[in-house]
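Going by my numbering, the sequence shown opens with residue 190, and the numbers climb by one from there. Glycine is no exception: its CB is placed at the ideal position from the N, C-alpha and C atoms. Below: the structure, in structure tokens.
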Amino acid sequence: MRNLQGRLDLCSINTATLGHREPLNRTIDRIARVGFGGIAPWRREVEEGDLAQLARQIRALDLTVTGYCRSTYLPAATSAGFSANVEANRAALRDAAVLGARCFVMVAGGLVPGSRDLEGTRSQVVDGISMLLDTARECGVPLALEPLHPMYAASRAVVNTIAQAMRICETVDPDRSGFIGIAVDVYHCWWDPELTASIAAAGRAGRILAYHVCDWLQETGDMLLDRGMMGDGVIDLPAVRSCVERSGYDGMVETEIFSAQNWWQREPDEVLAICAERLQTVC
């Protein structure tokens, strides 16, 4: 396992960690000033600014865009709605290419409101990802399918384990083109009894495109907006990273923390300083 001490160049900050409180150009400068090597911006921040200018700023500061977050949910109640969701993701992939993103993070989407058709929803997800694969190739930006914790199956993602995400990847891309893989986020997968085996399988297939860290608090107060800072919770972060890196992943370690009542209330530079310390000592 790589030693991160003194190696913030191997570490990235997902801009959600700072709570989307400032214009993205200011956030970019803050992240670069601390010495991080990467950044993962969110679409809403990019779309509120000047895409070309933001891309130039990121390149000038020598930051790697470890991922572009995130996809429009794919499932829809009508064929027209489904097609619109696919087209929104195609547009986002083109923006990801301008930014030079290493991957486009795909959060699949949950059940359509009013629906109980879990299998049908999952079929829509597979169909939508298959439709996006050619655009990913054209743009040179791989799709990173991110499985989310099962508590989000109804609302945010019907893809819930690494093994399930891998089956989708193998279904739509059996030749392993390099344009679809997975994002491993410890918050969503740490509990999985098959985690070690699933990561190893993903690594053998060359499918791990991103690795996200935060922590799971023992007394989580909100299932979306109460993630912990690394070291404050129960996840064995070194063990997970060791597994991911043994599998062949050599990309950046990306911090992504949603924390409405704690970290999003603190000064951005304080948050970044603590992220830097924890990445080098407990991850």
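Opening and closing residue of the beta strand (DSSP E) in which Asn203 lies: 200-203
field: For Phe293, three-class secondary structure by DSSP
entry: strand
Whole-Å CB distance - Leu426 paired with Gly417, under 8 Å assumed: At roughly 11 Å, the Cβ-Cβ gap does not stay under 8 Å, so Leu426 and Gly417 are not in contact.
task: Starting from the Cα of Ala265, find the closest Cα among Pro302, Ile371, Asn278 and give me that residue.
output: Pro302
field: Among Tyr438, Val402, Gly256, the one whose alpha carbon lies nearest that of Asp284
entry: Gly256
message: Phe447 and Ala205 - do their beta-carbons sit closer together than 7 Å?
response: yes
query: Is Glu466 near Cys403, with beta carbons less than 7 Å apart?
result: no
task: Would you mind stating whether Arg232 and Ala281 have Cβ atoms separated by less than 7 Å?
output: yes
Minimum C-alpha distance to Cys464 - residue among Cys328, Val433, Met419: Met419
task: Could you name the residues of the same chain whose beta carbon sits closer than 6 Å to that of His338, not counting the 5 residues immediately before and after it, in chain order?
output: His377
- prompt: So Leu461 and Arg219 are in contact, right, with Cβ under 8 Å, and what is the actual spacing, rounded?
  reply: 6 Å
query: Under the rule that 16 or more other beta-carbon atoms within 10 Å means buried, what is Arg435, buried or exposed?
result: exposed
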